[in-house]
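Have a look at the structure below before the remarks.
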Amino acid sequence: MGGDPQGPQCHPPLSAQPGQGGGMTRSRSSTFGVILLLAVLLGNPGRAVAADEAHIFIYHRFGEPRYPSTNVSLSVFADQLQVLKAAGANVVTLGTLLGHLRAGTPLPERCVVITVDDAFTSFGAGGLPLLRRFGYPVTLFINSDSIGSAGYLTWDEIRRLARAGVEIGNQSASHDYLLDRRRGESPAQWRERVRRDLLRAQETLSRELGVTPTLFAYPYGEYDPELVEIVREIGFVGAVMQNSGVVDRSSDRFLLPRFPMGGPYATMAGFREKLALRPLPVTVLAPSTPVRLEESSPELIIVIAEGDADLSRLQCFVDGQPTCLVTRHPTRAGTYFVRAREAISGRRNKYVLTAPGRRKGEWFWFSQLWIRPNRP
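Throughout the sequence shown, residue numbering follows this note's numbering, covering 3 to 378 in sequence.
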């Protein structure tokens with residue numbers, strides 16, 4: 003899941019800390035929750051969900067507190083949908099959003115997409131009735147081998163959902179860690195195995211539902227350029243990750259970010275905060291892949307376009323703490339070097355870059371995923 007902490011909304015306004023010197027070093031006492039809190043406290047509620055930008059949210063389980071890391075309570079989910087209704091959000095399917103991105107046409111004003119991964123039974127029992135109450139569409143990603151197993155919807159149930167207008171996407175057959183290489187497996191053998199996995203899900207979904215999905219969700223949000231190429235070759239028109247960010251017309255259709263709404267992130271404060279964020283206009287120069295086989299503190303080289311973000315107050319976070327060093331290139335305007343001060347551990351980590359806007363109440367956001375395959 004994502005690494006975006008939450009904060010309460012009842013404190014008086016706080017002030018962000020400007021950088022100290024040309025290296026853009028930040029005090030460790032400044033927490034990520036404070037940065038997100040400012041987006042709400044100082045923001046204008048009327049500008050949440052900006053024009054020509056889209057916020058995609060990812061959910062898994064509804065009203066299943068025994069699975070805390072992926073669950074959202076039904077009361078919180080209902081309140082989140084009410085926030086969208088009150089804001090006049092245009093909630094569309096992922097396919098509709100991708101149609102605009104492919105055509106290069108303006109995105110719907112105040113555009114929001116709701117996605118659900120894994121097809122757990124609690125979606126049909128709890129999440130979907132609330133979506134229907136508000137009249138909102140949803141995109142459901144399915145890992146086909148799990149359907150009909152304990153805790154998952156059945157094919158009959160999914161057929162009824164599809165007939166009722168639920169958009170269906172492919173999340174592979176196995177929901178495996180697709181980037182992991184098996185012992186002795188060559189790159190060509192890995193590629194063929196993964197390709198067969200995705201095609202097997204396509205064939206099953208087509209046979210059971212009578213439709214061939216054009217949307218893909220990377221299992222666990224993990225991807226690399228080779229996997230993206232496989233997804234393109236199969237014929238998908240777009241794909242979604244699980245690291246957070248805001249979509250705009252410059253977004254890569256096969257690397258669309260989503261804001262996780264499960265566990266500690268599934269709060270009203272977190273939802274409002276994410277709706278208020280804007281995309282930080284980042285171009286990644288290096289590396290070309292998020293996969294880090296050995297390096298424990300990878301360097302990210304980026305260009306950030308000039309615009310509404312106040313880059314003099316740019317900050318970077320790892321696991322919610324400002325433990326990154328951000329350095330400007332000495333001669334190339336807009337170029338930055340970003341590296342964690344300490345070794346990052348585990349299979350997946352993120353660098354999250356934030357900056358306040360030049361206008362009161364705006365905050366900008368970008369996240370970079372790091373993956374170390376074949377690790378727990």
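Ideal placement from N, C-alpha and C gives every residue a C-beta, glycine not left out.
Beta-carbon contacts of F366 that lie in its chain and below 6 angstroms, excluding the five residues immediately before and after = Excluding residues within five positions, the ones whose Cβ falls inside 6 angstroms are R280, L282, A311 and A357.
Using three-state DSSP, classify Q244 as helix, strand or coil.
-> The three-state secondary structure of Q244, taken from DSSP, is coil.
Take the Cβ of G247 as the centre, count every other Cβ of all protein chains shown within 10 Å, and call the residue buried at 16 or more, exposed below.
-> buried
For H177, name the three-state secondary structure that DSSP assigns.
-> coil
Whole-angstrom distance between T98 and A271, CA atom to CA atom = 27 angstroms
Using CA coordinates, which residue listed in L211, P110 and L287 is at the minimum distance from E159?
-> L211
Exposure of G237, with buried meaning 16 or more beta-carbon neighbours within 10 Å = Around the beta carbon of G237, fewer than 16 other beta carbons lie within 10 angstroms, which makes this residue exposed.
Quick one: measure Cβ to Cβ for Y225 and L201, integer angstroms, because I've assumed they're closer than 8 angstroms.
-> 18 angstroms between Cβ atoms; not a contact.
Are A1 and V242 close, meaning C-beta to C-beta below 7 angstroms?
-> The question about residue 1 has no answer, for the chain in this structure spans 3 to 378.
In angstroms, rounded to a whole number, what distance separates the CA positions of F143 and P332?
-> 45 angstroms
Quick one: residues in its chain with C-beta nearer than 8 angstroms to the C-beta of L316, no 5 flanking neighbours on either side, listed in chain order?
-> G21, M26, I306, V328, Y338, L355, T356 and A357
Inter-residue Cα distance where the pair is G359 and A53 | The alpha-carbon atoms of G359 and A53 are separated by roughly 16 angstroms.
The region 125-143 / the region 52-70 touching (three or more Cβ pairs under 8 angstroms) = These segments touch.
Taking A288 as the reference, give the member of V320, W372 and P266 with the closest Cα.
-> W372
Contact the region 83-103 vs the region 173-182: 3+ CB pairs below 8 angstroms | no
Candidates R185, G309, T291 and G265: which alpha carbon is nearest L229's?
-> T291
Where A121 falls: helix, strand or coil (DSSP) | A121 sits in coil when the DSSP states are folded into three classes, being neither helix nor strand.
With distances taken Cα to Cα, identify the nearest neighbour of Q204 among P375, S146 and V114.
-> S146
Same chain, Cβ closer than 6 angstroms to F261, five either side skipped, listed in chain order | F59, S246 and K276
What's the gap between the Cα of S29 and the Cα of P324?
-> Legend: pLDDT at S29 = 35, less than 50; position of this residue unreliable, no value from coordinates given.
Mapping DSSP to helix, strand and coil, what is G348?
-> Look at G348 here: in three-state DSSP terms it is coil, with no helix or strand label.
Between R349 and R377, is the Cβ-Cβ spacing less than 7 angstroms?
-> yes
On the premise that D254 lies in contact with E55, defined as a C-beta separation below 8 angstroms, what is that separation, rounded to the nearest angstrom?
-> The C-beta distance from E55 to D254 rounds to 15 angstroms, too long to fall under 8 angstroms, and the pair is not in contact.
C-beta contact flag for V320 and I304 at 7 angstroms = The answer is no: Cβ separation not under 7 angstroms.
In the region 122-190, which residue ranges form an unbroken beta strand (DSSP E) of at least 3 residues, counting only runs that do not cross its ends?
-> Within the region 122-190, the runs of beta strand (DSSP E) that reach at least 3 residues and sit entirely inside it are, in chain order, 141-144 and 169-172.
G126 versus G153 - alpha carbon distance | 11 angstroms
Return the chain-ordered list of same chain residues with a C-beta closer than 8 angstroms to the C-beta of L118, the five sequence neighbours on each side being excluded.
-> For the sequence presented, residue 118 should be read as Val rather than Leu. Within the same chain, V118 has close Cβ partners I60, Y61, H62, F125, G129, V140, T141, L142 and F143.
Pick from G186, L83, G171 and P70 that is closest to R135, judged by C-alpha positions = Minimum Cα-Cα distance from R135 among the listed residues G186, L83, G171 and P70 corresponds to L83.
With DSSP collapsed to three states, give me the class of T107.
-> DSSP places T107 in coil when its eight states are reduced to three.
S369 by DSSP, collapsed to three states: which one?
-> strand
Residue range of the unbroken beta strand (DSSP E) whose run includes P281 | Taken as a continuous stretch (DSSP letters only), the beta strand (DSSP E) holding P281 covers L279 to P281.
Skipping 5 residues on each side, what residues in its chain have a beta carbon closer than 6 angstroms to that of G336?
-> V305 and I306
Should D120 go down as buried or exposed, given a rule of 16 or more other Cβ atoms within 10 Å for buried?
-> buried
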